[in-house]
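Participant: Input: one structure, supplied below.
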DNA sequence: CGGTATCCGCCGAGATACTG
DNA sequence: CAGTATCTCGGCGGATACCG
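Protein chains in written order, with the working numbering: chain A, 26 to 132; chain B, 26 to 132.
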């Protein structure tokens with residue numbers, strides 16, 4: 026029922042809405058080698074505030090790119106990790122980083 | 026050094042600031058097979074307004090991802106095409122589209 | 001044809017403080 | 001430790017009209 030041409034272009038939009046923004050790419054990237062706790066993410070993603078971290082994590086979780094695992098302990102412990110879908114994006118982000126690094130040093 | 030660590034993460038930022046936004050990816054994508062005129066772009070990128078088209082084209086040109094070529098004719102003629110740097114991004118955008126299409130049909 | 005010029009709403013993001 | 005709660009602001013993007 027959808028117009029094929031529009032759908033084709035919207036796929037770019039769709040993808041960028043999910044990994045665009047200021048922190049999504051960086052969060053996915055630091056999670057590439059395994060799960061991290063909230064506080065660890067807060068330190069790994071330099072400059073992010075708790076508000077933006079929580080907000081971004083919720084969006085990534087809603088898009089099924091990361092998994093939020095809560096341990097019912099005291100003190101509280103929450104771990105975040107990539108889903109299979111999220112891992113599919115790592116090669117792409119890796120290439121973007123390479124491109125960005127090359128461009129940054131060139132200019 | 027701290028500088029290196031920050032630079033590493035910022036490369037993701039750097040790249041996304043250049044191809045993020047609502048239309049940059051789509052404009053680069055439609056230019057992948059050759060140059061297009063302003064009016065052609067306006068029709069190819071469905072839904073974009075002249076204001077956003079002009080604004081986005083200027084940003085892409087400033088980042089040296091596209092080239093703006095003006096023909097001194099009447100009526101006026103302006104053609105936009107990818108630079109080598111811009112062409113380097115096409116494989117990434119292609120991957121993004123594939124990923125986006127897969128995800129869109131999955132959900 | 002290939003743009004500008006306004007006006008404006010929305011929301012991503014920062015700063016700061018507080019909580020179970 | 002792992003988050004909320006407000007307040008604020010810039011700017012992205014939409015709508016519309018006009019120009020050389």
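We treat Cβ as the ideally placed atom computed from N, Cα and C, and that holds for glycine.
Going by DSSP, which residues form a beta bridge with residue 96(B)?
Facilitator: For the purposes of this step, residue 96(B) is taken as the residue at position 71 of the second chain. Its beta-bridge partners are 102(B).
Participant: Can you name, in chain order, every residue of its own chain whose Cβ lies under 6 Å from the Cβ of residue 131(A), other than the five neighbours on each side?
Facilitator: If you number the first chain from 1, residue 131(A) lands on position 106. If we look at residue 131(A) and ignore the five residues flanking it on each side, it has no Cβ neighbours.
Participant: Please classify residue 35(A): does DSSP put it in a helix, a strand, or coil?
Facilitator: Within the first chain, numbered from 1, the residue matching residue 35(A) stands at position 10. Here residue 35(A) sits in helix by DSSP.
Participant: By the three-class DSSP mapping on this structure, what secondary structure does residue 114(B) have?
Facilitator: By 1-based counting over the second chain, the position of residue 114(B) is 89. Here residue 114(B) sits in coil by DSSP.
Participant: Residue 72(B) and residue 41(A): beta carbons closer than 7 Å?
Facilitator: Taking the first residue of the second chain as 1, we reach residue 72(B) at position 47. Taking the first residue of the first chain as 1, we reach residue 41(A) at position 16. Against a cut-off of 7 Å, the Cβ pair of residue 41(A) and residue 72(B) comes out as no contact.
Participant: Write down the C-beta distance between residue 60(B) and residue 105(B) rounded to the nearest angstrom, noting that I regard them as a contact closer than 8 Å.
Facilitator: Numbered from 1 along the second chain, position 35 holds the residue referred to as residue 60(B). Numbered from 1 along the second chain, position 80 holds the residue referred to as residue 105(B). Between residue 105(B) and residue 60(B) the Cβ distance is about 6 Å, and since that is below 8 Å, they are a contact.
Participant: With a cut-off of 8 Å on the beta carbons, I'd call residue 43(A) and residue 88(A) a contact; round off their distance for me.
Facilitator: Here residue 43(A) refers to the residue found at position 18 of the first chain. Here residue 88(A) refers to the residue found at position 63 of the first chain. Indeed, because the Cβ distance is near 5 Å, the residues count as touching under 8 Å.
Participant: Could you check if residue 81(A) is buried or exposed, using at least 16 other CB atoms within 10 Å of its CB as the buried criterion?
Facilitator: On the first chain, residue 81(A) is found 56 positions in, with the first residue counted as 1. Buried is the call here.
Participant: Please report whether the beta-carbon of residue 63(B) lies at a distance below 7 Å from any beta-carbon of chain A.
Facilitator: Position 38 of the second chain, counted from the first residue, corresponds to residue 63(B). False, the Cβ-Cβ gap to chain A never drops below 7 Å.
Participant: Rounded to the nearest angstrom, what separates residue 111(A) and residue 96(B) at their Cα positions?
Facilitator: Walking along the first chain from the start, residue 111(A) turns up at place 86. Walking along the second chain from the start, residue 96(B) turns up at place 71. Those two C-alpha atoms are separated by around 46 Å.
Participant: Please classify residue 125(A) as buried or exposed, where buried requires at least 16 other C-beta atoms within 10 Å of its C-beta.
Facilitator: Counting from one through the first chain, the residue named residue 125(A) turns up at place 100. Under this definition residue 125(A) is a buried residue.
Participant: Alpha helix (DSSP H) containing residue 50(B): first to last residue?
Facilitator: Along the second chain, one-based indexing puts residue 50(B) at 25. Its alpha helix (DSSP H) spans residues 49-55.
Participant: Tell me, please, which residues DSSP counts as bridged to residue 62(A).
Facilitator: Start at 1 with the first residue of the first chain, and residue 62(A) comes out as number 37. Note: residue 62(A) sits in a beta bridge opposite 104(A).
Participant: Among residues of its own chain, excluding the 5 on either side of residue 121(A), which ones have a beta-carbon nearer than 8 Å to its beta-carbon?
Facilitator: In the first chain, counting from the first residue as 1, residue 121(A) sits at position 96. Excluding sequence neighbours, residue 121(A) sits near 50.
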